[in-house]
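Worksheet: one structure, shown below.
Protein chains: 2
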Amino acid sequence: MPHVIIIGCGFGGLAAARELASADLRITMIDRSNHHLFQPLLYQVATAGLSAPAISAPIRAILAHQSNLTTLMAAVTGIDTAGKSVTLEDGSVLSYDHLIVAAGSTHSYFGHDEWSALAPGLKTLEDAFEIRKRILMAFERAERETDARRRQEWLTFTVIGGGATGVEMAGTLVEIARHTLSGEFRNIDPHSARVVLVEGSERVLGAYPPDLSEKAREQLQKLGVDVRTGCRVVHIDETCVRYANFDGEQSLATRTVIWSAGVAASPLGKQLGVEVDRAGRVPVSPELNIAGHEDVYVIGDLAAAQSDGKPVPGVSPAAKQMGRVAARNIRQRIAGQKPETFVYQDYGSLATIGRKAAIAMVGKLKFSGYPAWLFWLFVHVYFLIGFRNRIMVMADWAWAYFTFKRSARVISATMPTQAEAPSLRKEVAE
Amino acid sequence: MPHVIIIGCGFGGLAAARELASADLRITMIDRSNHHLFQPLLYQVATAGLSAPAISAPIRAILAHQSNLTTLMAAVTGIDTAGKSVTLEDGSVLSYDHLIVAAGSTHSYFGHDEWSALAPGLKTLEDAFEIRKRILMAFERAERETDARRRQEWLTFTVIGGGATGVEMAGTLVEIARHTLSGEFRNIDPHSARVVLVEGSERVLGAYPPDLSEKAREQLQKLGVDVRTGCRVVHIDETCVRYANFDGEQSLATRTVIWSAGVAASPLGKQLGVEVDRAGRVPVSPELNIAGHEDVYVIGDLAAAQSDGKPVPGVSPAAKQMGRVAARNIRQRIAGQKPETFVYQDYGSLATIGRKAAIAMVGKLKFSGYPAWLFWLFVHVYFLIGFRNRIMVMADWAWAYFTFKRSARVISATMPTQAEAPSLRKEVAE
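Taken in sequence, the protein lines are chains A and B.
So for the first sequence, the working numbering puts the first residue at 18; every next one is plus one.
So for the second sequence, the working numbering puts the first residue at 18; every next one is plus one.
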């Protein structure tokens with residue numbers, strides 16, 4: 018029986034696995050983590066609105082009933098397209114007949130890897146916990162700080178990058194400061210927290226038409242976000258971010274920095290023996306293969322795919338559609354039939370900004386504000402995997418909406434002491 | 018205005034703070050973590066049944082409306098009872114007029130601190146995440162293991178200590194293996210997992226009467242737990258636990274070990290200048306003061322208190338009652354009135370074992386099995402802090418009960434690779 022290996026159980030890999038559910042194949046799903054993550058809501062975990070289990074589901078459980086499939090929690094360290102095999106982190110080698118690489122993307126610091134510890138990005142649950150801890154700890158530090166200048170540094174939050182994640186983070190941070198934490202501190206006023214969104218280009222949400230970008234900027238400013246476009250970050254350290262704009266260089270005193278400026282494709286792309294693009298993405302044929310290898314498909318954020326001569330965006334609907342096409346093409350080729358050409362169906366774009374604030378584009382229709390936000394809410398809860406998660410997320414959000422409380426305000430680390438036993442000494446990452 | 022410092026926001030500290038809500042006092046609540054933890058359900062987080070936010074609530078939020086109180090997330094490193102001050106981890110010093118020490122307890126490895134990394138205990142959310150990760154990873158490792166002997170080592174779970182936590186952990190581990198993970202693996206059968214409960218004394222749940230202990234043992238065995246009493250652990254390493262019993266020494270090949278055998282009082286007790294008992298607890302007067310200091314109260318697990326000539330057990334109802342009495346005694350003494358004597362009200366004891374299995378003792382009434390389990394369920398959901406948490410926990414449990422699924426099966430770490438960027442390399446703790 019032909020063996021199909023799928024690397025990565027994100028939206029693309031999962032869609033491919035499901036499309037092959039009834040196929041006469043042996044499938045191995047390999048993922049480094051044990052869960053499929055509903056990444057569009059990851060910023061809610063980072064901002065203490067949702068718990069991790071609400072937006073993640075164990076891969077084994079999702080795919081348990083697919084009897085032709087084995088789930089392997091493992092890291093792929095090498096791909097040999099000539100020898101048709103994949104190497105895992107423990108040195109074991111798995112042969113494949115067909116390979117789907119859906120390894121996704123990661124943060125890019127544009128050559129400034131030293132910034133990663135200072136300004137974490139948001140791709141995994143661990144990233145979300147780290148950011149949640151930093152945000153909540155910043156308010157705790159501010160409360161204890163006696164020096165006014167340093168206190169304001171703790172109360173200044175900087176989000177770098179005005180794409181979808183950056184805008185969501187900035188909008189939600191303001192909500193936390195103005196509503197969630199209101200009345201809980203004695204030495205500081207959380208309302209006095211500043212949230213600065215720094216974007217290199219001239220507008221936020223650059224993937225949208227200029228008029229919607231402008232709507233987004235207006236809504237951000239109305240919420241209380243200090244939006245600074247045309248500002249390219251040149252330096253980050255523990256207490257400041259420096260950026261260059263037409264005025265020269267500016268310095269911003271801030272102790273919490275979140276990175277959402279750059280995305281790079283998974284380094285696994287470079288293992289496929291074809292030239293990758295500037296973002297590390299792998300060029301694929303209209304059938305989603307790599308050049309010279311009809312048995313190797315690349316899908317999702319890792320693929321530089323074209324549809325109708327236009328580049329396919331790195332969004333979850335595109336990944337799902339690619340997953341299905343790659344899966345069907347494997348079946349077609351095994352059956353000796355002609356594979357299909359990938360055509361991206363664009364159902365529209367949606368970006369949330371904060372409470373009652375969003376922008377949306379569906380076909381020729383553009384809208385923003387409360388209606389867009391309601392639409393965003395509906396779409397995201399609807400697409401969340403699993404009936405249970407949907408119910409739980411809805412309950413969490415209803416609670417948050419009516420009470421302004423956030424349900425996941427847990428810092429799992431504790432303050433270190435000298436007095437306690439070594440086994441209990443947990444460092445607060447800072 | 019007199020200044021009251023409360024160290025620790027567990028059940029005791031929180032009850033004391035609430036009792037002082039309307040008092041003409043300035044109160045500072047100091048805790049190393051940002052949340053009050055509903056510790057009786059912590060084993061559910063460790064076994065992937067509940068998410069962390071479901072059993073924890075931000076201290077600031079709980080106490081926000083108490084205008085005479087300031088919350089400080091900080092670690093106390095020193096207490097000076099003569100100078101009436103407390104030192105924090107950043108070197109700052111706070112003076113008090115009255116002090117309530119409610120710093121609780123931690124694990125004790127009976128002089129074998131080297132076991133702490135091999136056999137984590139369960140006191141904090143971080144502990145729970147660590148244990149959850151180890152349990153879920155053990156099944157993942159077993160699935161990938163080709164050597165039959167090693168595979169069985171991965172599928173053998175050892176719980177050391179047959180107190181309440183140990184019994185809960187063992188019962189729930191069997192449920193995970195037999196029900197939750199059923200049908201999700203291809204190379205192993207999770208049913209073949211073994212759960213061994215090792216207890217040094219002759220019976221489990223030694224705080225209960227012998228007939229209830231026997232009921233507990235029967236229920237554990239019926240669930241599928243291998244109960245080994247009269248077995249004193251003498252050695253732990255990565256692949257085995259060795260214990261001594263009347264037959265001599267026995268070796269058990271196991272790769273996941275959970276420690277619930279020993280409890281030691283917080284090391285802060287030693288800072289009070291009085292002699293502590295063997296478990297590190299601080300002897301207190303009937304008014305809950307330490308000898309020679311009417312302004313220093315010790316409550317909860319840290320206190321060696323007596324009531325009617327009998328030692329007060331280290332359980333949450335006792336901690337709450339002590340918290341209230343200590344708080345009232347502060348008010349009485351400020352008013353120049355006689356402080357009250359602590360009398361422990363024993364409302365009964367309850368221990369859950371697993372699905373439909375528990376034992377209970379209320380007054381002279383003893384019962385076990387399904388009725389005890391239903392009673393346990395009701396009591397625990399009822400006492401969970403916060404309306405929202407109660408609803409969420411009930412929903413989680415209803416879901417788990419009817420589907421055998423567990424909602425928090427997330428391992429937040431990923432498999433490490435060489436290929437990925439350093440910022441993404443997260444070690445799986447093992």
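Here a beta-carbon is modelled for each residue, glycine too, at the ideal position from N, C-alpha and C.
Just so we're clear, the structure is a prediction, and the values are computed from it rather than from any experiment.
- Put simply, of B:Ile47, B:Arg161, B:Gly188 and B:Glu131 the residue whose alpha carbon is nearest the alpha carbon of valine 118 of chain B is B:Ile47.
- By the beta-carbon neighbour count (other beta carbons within 10 angstroms, threshold 16), glutamine 338 of chain B is buried.
- Counting C-beta atoms within 10 angstroms of its own C-beta, arginine 295 of chain B has fewer than 16 neighbours from the protein chains shown and is therefore classed as exposed.
- Using a CB distance cut-off of 9 Å, arginine 295 of chain A does not count as an interface residue toward chain B.
- The secondary-structure analysis by DSSP pairs glutamine 323 of chain A across a beta bridge with A:Pro328.
- One thing to note: leucine 214 of chain A has its Cβ within 9 Å of the Cβ of glycine 183 of chain A.
- Annotation: Cβ neighbours of leucine 89 of chain A in chain B (cutoff 8 Å, chain order): Glu160 and Arg161.
- In the displayed model, tyrosine 113 of chain A falls within coil according to three-state DSSP, outside both helix and strand.
- A residue is called buried when at least 16 other Cβ atoms come within 10 angstroms of its Cβ; threonine 175 of chain B meets this threshold and is buried.
- With respect to arginine 372 of chain B, tryptophan 393 of chain B sits apart: the two C-beta atoms are not nearer than 9 Å.
- DSSP places alanine 74 of chain B in the strand class (E or B) of the three-state scheme.
- Here the alpha carbons of aspartate 264 of chain B and glycine 29 of chain B stand approximately 44 Å from one another.
- Residues of the region 21-54 of chain A with a C-beta less than 8 Å from any C-beta of chain B: Arg49, Ser50, Asn51 and His52, listed in chain order.
- Between alanine 278 of chain B and glycine 178 of chain B the beta-carbon gap is near 3 Å, inside 8 Å, which marks them as a contact.
- Taking a beta-carbon distance threshold of 9 Å, isoleucine 408 of chain A counts as an interface residue toward chain B.
- Excluding residues up to 5 positions away in sequence, Gly95 and Ile96 lie with their Cβ nearer than 7 Å to the Cβ of glutamine 288 of chain B in the same chain.
- Per DSSP, arginine 245 of chain A is one residue of the beta strand (DSSP E) stretching across 242-245.
- Membership of tryptophan 393 of chain A in any beta strand (DSSP E) is not indicated; the residue belongs instead to the alpha helix (DSSP H) covering 387-400.
- Contact annotation: leucine 319 of chain A and arginine 341 of chain A have beta-carbon atoms that are not nearer than 9 Å.
- A straight line joining the alpha-carbon of isoleucine 370 of chain B with that of proline 227 of chain B spans about 16 Å.
- Leu198, Gly200, Glu201, Phe202, Arg203 and Asn204: these are the residues of the region 179-204 of chain A whose beta carbon lies less than 8 Å from some beta carbon of chain B, given in chain order.
- The alpha helix (DSSP H) runs of length 4 or more contained entirely in the region 204-253 of chain B are, from start to end of the chain, 227-240.
- Counting only Cβ-Cβ distances below 8 Å, valine 427 of chain A has contacts in chain B at Asn51, His52, Ala69, Pro70, Ser73, Pro75 and Leu142, in chain order.
- Secondary structure in the region 56-106 of chain A: the beta strand (DSSP E) runs of 3 residues or longer, each lying completely within the stretch, are 73-75, 86-90, 93-97 and 102-105 in chain order.
- With respect to the 9 Å criterion, glutamate 160 of chain B and arginine 203 of chain B are classified as neighbours on the basis of their beta carbons.
- From the listed residues B:Ala412, B:Val251, B:Leu269 and B:Ser84, the smallest Cα separation to valine 212 of chain B is found for B:Leu269.
- Per DSSP, reduced to three states, the secondary structure at valine 410 of chain B is helical.
- Rounded to the nearest angstrom, the gap between the Cα atoms of tyrosine 225 of chain B and glutamine 236 of chain B is 15 Å.
- In the same chain as valine 360 of chain A, and ignoring 5 residues on each side of it, the C-beta atoms closer than 8 Å to its own belong to Ser324 and Asp325, in chain order.
- By alpha-carbon distance to serine 112 of chain B, the top candidate from B:His124, B:His20, B:Asp41 and B:Ile376 is B:His20.
- Each of A:Glu219, A:Ala194, A:Phe384 and A:Pro300 was checked against the Cα of arginine 423 of chain A, and the nearest Cα belongs to A:Ala194.
- Residue-level contact by beta carbon fails for lysine 337 of chain B and chain A, as no gap is shorter than 9 Å.
- Within the region 144-159 of chain A, the residues whose Cβ lies closer than 7 Å to some Cβ of chain B are Phe146, Leu153 and Glu157, listed in chain order.
- Residues are counted here when their Cβ sits less than 8 Å from a Cβ of chain B; for the region 302-322 of chain A the count is zero.
- When B:Thr87, B:Trp171, B:Tyr260 and B:Thr189 are compared, the shortest CA-CA separation from alanine 417 of chain B is found for B:Thr189.
- Here glutamate 201 of chain A carries a coil assignment [DSSP, helix/strand/coil].
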